[in-house]
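Numbering (our numbering), first residue to last: 49 to 269. All C-beta atoms in this analysis are idealised placements derived from N, C-alpha and C, irrespective of residue type, glycine included. First up is the structure itself, then whatever we jot down about it.
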């Protein structure tokens, strides 16, 4: 089993163990979160006491990079949810190999149904205060509105949410509107140049950089 990283750089190196999507689906916007960005997200949450001892939920987890990082940073329990069965199997393999923290892998379409948080393998009892969602949802380019659908699901699960979103005025405006409706406060934590690697023959550019922001949403109690 892997020792817990003592700093952000060690965390980033550990995240390099997580495999990429074997066959990415364009309509699902399966863009791999770079390890340096994932490490920055996780380290900020860890330093603000939102990971150690918590239930961590990764919505649209892909191959499990964010949840894997949370588990090796001391999360108490993890739930990894995605629609892609092949990606989930890779996530399960990496977490089973390198961590001994309990976790569940759940196949679910988050835009059609809320994730089942009581599973056959383990009954998870928790409250919204002891739970954190850490995710990189679809950016809503190929699947319009998916980014905000994921946020609404996350708000039904936890009081604390970390999420990546396009850095465009309209996107942030909608996020602010949802936060006001659901009684959350929006914090802009950081911004990144996010590389998207194209993989289909029609794509002329092999890599494209977009501006994204890491936001933290905190329920106002």
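Burial state of residue 278, where buried means 16 or more other Cβ atoms lie within 10 Å: Because the chain spans 49 through 269 in this model, residue 278 falls outside it and cannot be assessed.
Beta-carbon proximity of residue 260 to residue 212, cut-off 8 Å: Their beta carbons are under 8 Å apart, which means residue 260 touches residue 212 by this criterion.
Cα-Cα separation between residue 102 and residue 118, rounded to whole angstroms: 9 Å
Length of the line joining the Cα atoms of residue 160 and residue 197: 10 Å
Nearest-angstrom Cα separation, counted from residue 256 out to residue 113: 21 Å
Cβ-based burial, residue 64 [other Cβ within 10 Å; buried from 16]: The residue in question, residue 64, is exposed, as its Cβ has fewer than 16 Cβ neighbours within 10 Å.
Residue 238 versus 66, 85 and 58, residue with shortest Cα-Cα distance: 85
Alpha helix (DSSP H) segments (min. 4 residues) lying fully within the region 212 to 263: 217 to 230
C-beta atoms of residue 209 and residue 233 nearer than 8 Å: no
Proximal residues to residue 185 (C-beta, below 7 Å), its chain only, five neighbours per side dropped: 107, 108, 194, 195, 198 and 211
For residue 148 and residue 169, the rounded distance between their alpha carbons: Caution is warranted here: a pLDDT of 48 is assigned to residue 169, below 50, making its placement in the model unreliable, and no coordinate value can be reported.
Short Cβ contact (8 Å threshold) for residue 67 with residue 129: no
Secondary structure of residue 106, DSSP reduced to three states: Three-state DSSP puts residue 106 in a strand.
Distance between residue 82 and residue 100 (C-alpha atoms, nearest Å): 22 Å
Top-ranked residue by Cα proximity to residue 55, from 88, 79, 80 and 70: 88
Whole-angstrom distance between residue 110 and residue 80, CA atom to CA atom: The straight-line gap separating the alpha-carbon atoms of residue 80 and residue 110 is approximately 8 Å.
Residue burial classification, residue 136 (beta-carbon count within 10 angstroms, cutoff 16): buried
Three-state secondary structure assigned by DSSP to residue 111: coil
Proximity winner among 97, 120 and 104, relative to residue 60 (alpha-carbon distances): 120
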